[in-house]
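Structure first, commentary second.
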Amino acid sequence: MLRAEGLRHSFGAVRALDEISFTVQPGQTLAIFGPNGAGKTTLLKVLAGLIQPQRGRAEVAGGRRAIGWIGHQPQLYAPLTVRENLRFWASLYGVSVPGELLSRLGLEEHADRPVRALSRGLVQRVAIARALLHDPTVLLLDEPFTGLDRVAAEALSRLLAQHGAAGRATVLVTHNVEEGTGLATHVAFMRAGRFVHFAPRAGRGPQQVGEEYRNAIA
Amino acid sequence: MPLPDLLRHSWSVAAKDLLVEFRSRTAILSVAVFVVLVLVVFNFGRDPTAVSNVDLAPSILWVTFTFAAILALNRAFQLELENQALDGLLLAPIDRSSIYLGKLVANLVFVATIELIGVPLLALFFNVRVLPYLGPLAALIALATVGFVAVGTLFSAMTVRTRFAELLLPVLLLPFMIPPLSWAVLATGRLLAGRPLSEIVGWLNMLAVYDIVFVALALLLFPATVNE
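Protein chains in written order, with the working numbering: chain A, 33 to 250; chain B, 564 to 791.
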């Protein structure tokens, strides 16, 4: 469903990706943990096709249409309402905005408010709706829990669990081991552009993964 | 990508840009005020006995449009950087040329609105007769505008991620604007002087060729300019 082979990319003298290879099969969720500057966002952008790697290749079955992206920034237009934003993005994917998506994310009562008038948490919920509206088979998530309140974070976790249970793939990057581990079927630790650990989670909890992460990154 | 899809996606992008501008009205208001101020300053900063209005007006009109358009073009991709919406556009399963076409259409509407404000003001301040030549003048303005907005939209995409985007855009764009600008000034001068239309047909043809060449080139080059 998603394959990376020998990815290598530098920004000037900084090696952002260094021989990264992995595959993610349908139903799997890969959580990639790493400190700031480890190359996590660059890796996601390469997987999404937003950055052409200098070496290696990344393939997503179904191409760009199959990808849903939730990043640091919501990719929304602040002067437009929630509904107008979602309609615009839906039009680019040739779909209409699924009615239940707004209710699932608790956005119905905010649908006609401009995005600029929403709180950070609500904006992130709209960003999640934007990423899901075309029913993607591969989700690429960059610190998706940032700014979410507890209720919204739980709603997102449920959505991601449903996504995985439906046989879809997810790649999640974060520096927060607590929030990422529960969703993961596979875990990778990233440091200075390299995977220093990549394995199935195999029942490990956040505490154990966190300890292994600290040892691997130290 | 099939042409109907390309056009549909282009229209989505253009309509979104126009809606964003309609909601915020920041860019159009500031550029409209800029146009009014420039024309007012030129009106009071000239010696009416030295050069006749008909000789002076075309240059003033096109200088005003040039700088107003640059102000407008600067914002074209700036709004895509807020909240990283540009990444969303690049990720969408659409031909990247449709992003360019959509931006071009929105910029043309934007600049045309400014021109709609500028032409009557020019007629008012400089006492030049515009109404008898309105049709040919509109065609001339349209042809010249398409050319430099096409190039400007491409350069706006190229420079938006740079540190000095607002400086780089005019520096890159102005050399490319010189040919259509000079043809437009000469043709406008002839029109306002009441010369026969046959005298400006050559310039109109050159403007049309410039438009075709640069719109085609920009469509070709745009996908490469937005890669990170």
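Note that CB positions come from ideal geometry on N, CA and C, so glycine has one too. Just so we're clear, the structure is a prediction, and the values are computed from it rather than from any experiment.
*Listed in chain order, which residues of the segment 54–86 of chain A have Cβ atoms closer than 9 Å to some Cβ of chain B?*
Lys-77, Ala-80, Gly-81, Leu-82, Ile-83, Gln-84
*asked:* Alpha carbons only, please: which of B:Phe-628, B:Leu-782, B:Val-714, B:Gln-641 is nearest the one belonging to B:Val-601?
replied: B:Phe-628
*Classify A:Pro-106 as helix, strand or coil using the three-state DSSP reduction.*
coil
_Residue ranges of each beta strand (DSSP E) within the segment 108–192 of chain A, 3 or longer_ = 170–174
*Using a cut-off of 8 Å between C-beta atoms, extract the partners of B:Ser-575 located in chain A.*
Phe-120, Ser-123, Leu-124
*Are A:Ile-64 and A:Phe-221 close, meaning C-beta to C-beta below 9 Å?*
yes
_Less than 9 Å between the beta carbons of A:Glu-116 and B:Leu-582, yes or no?_
yes
*So the beta strand (DSSP E) B:Val-693 belongs to, where does it begin and stop?*
Unbroken run through B:Val-693: none, as it is neither H nor E.
*Status (buried if at least 16 other CB within 10 Å, exposed otherwise) for B:Pro-565*: exposed
*Determine which residues of the segment 618–648 of chain B have a Cβ less than 8 Å from any Cβ of chain A, and write them out in chain order.*
Leu-642, Glu-645, Asn-646, Gln-647, Ala-648
*Anything in the segment 645–671 of chain B with a Cβ closer than 8 Å to a Cβ of chain A? List those residues in chain order, please.*
Glu-645, Asn-646, Gln-647, Ala-648, Asp-650, Gly-651, Leu-652, Leu-653, Leu-654, Ala-655, Pro-656, Ile-657
*Pair within 9 Å by beta-carbon distance, B:Leu-706 and B:Asp-774*: yes
*Just checking my contact of A:Leu-154 with A:His-142 at CB under 8 Å: how many whole Å lie between their CB atoms?*
6 Å
*asked:* In the DSSP assignment, the alpha helix (DSSP H) including B:Pro-733 goes from what residue to what residue?
replied: 728–755
*Have a look at B:Phe-777 and B:Gly-765 and give me their C-alpha separation to the nearest angstrom.*
18 Å
*Who are the near neighbours of A:Thr-74 in its chain, counting only those whose CB is closer than 7 Å to its CB and skipping five residues on each side?*
His-41, Ala-48, Leu-49, Ile-83
*Cβ pair A:Ile-99, A:Val-170 closer than 9 Å*: yes
*Is the Cβ of A:Ala-110 closer than 9 Å to any Cβ of chain B?*
yes
_Below 8 Å on C-beta distance, what does B:Leu-583 contact in chain A?_
Note on residue identity: the sequence assigns Val, not Leu, to residue 583 of chain B. Within 8 Å Cβ-Cβ: Tyr-109, Pro-111, Leu-112.
*So what's B:Thr-656 in DSSP terms, helix, strand or just coil?*
Checking the sequence shown, residue 656 of chain B turns out to be Pro, not Thr. Reduced to three states, the DSSP call for B:Pro-656 is coil.
*Contact list for A:Pro-130 against chain B, beta-carbon separation under 8 Å*: Correct list: empty, because the minimum Cβ distance to chain B is about 17 Å.
*Between which two residues does the beta strand (DSSP E) containing B:Thr-627 stretch?*
Where B:Thr-627 is concerned, there is no enclosing beta strand (DSSP E), although the alpha helix (DSSP H) it sits in stretches over 616–639.
_Three or more C-beta pairs below 8 Å linking the segment 668–683 of chain B and the segment 583–597 of chain B_ = yes
_8 Å Cβ shell around B:Leu-782 - same chain, five flanking residues per side excluded_ = Ser-660, Tyr-663, Leu-664
*Contact list for B:Ser-536 against chain A, beta-carbon separation under 7 Å*: An answer regarding residue 536 of chain B cannot be provided, because it is not within the stretch 564 to 791 covered by chain B.
*asked:* So, with DSSP's three-state summary, where would you put A:Met-222?
replied: strand
*Could you name the residues of chain B that A:Pro-106 contacts, counting a contact when the two beta carbons are closer than 7 Å?*
Asn-646
*With respect to the beta strand (DSSP E) encompassing B:Leu-581, which residues constitute its N-terminal and C-terminal limits?*
B:Leu-581 -> not in any beta strand (DSSP E); alpha helix (DSSP H) instead, spanning 566–587.
*asked:* Could you tell me the alpha carbon to alpha carbon distance between B:Leu-749 and B:Val-734, rounded to whole angstroms?
replied: 23 Å
*asked:* Quick check: the Cα distance between B:Pro-738 and B:Thr-716, rounded to an integer number of angstroms?
replied: 15 Å
*Start and end of the beta strand (DSSP E) containing B:Asp-774?*
Unbroken run through B:Asp-774 is the alpha helix (DSSP H), 764–788; no beta strand (DSSP E).
*Would B:Val-691 pass as a contact of B:Leu-755 if the rule is Cβ separation under 9 Å?*
yes
_chain A residues whose Cβ lies nearer than 9 Å to that of B:Asn-790_ = Leu-82, Ile-83, Gln-84
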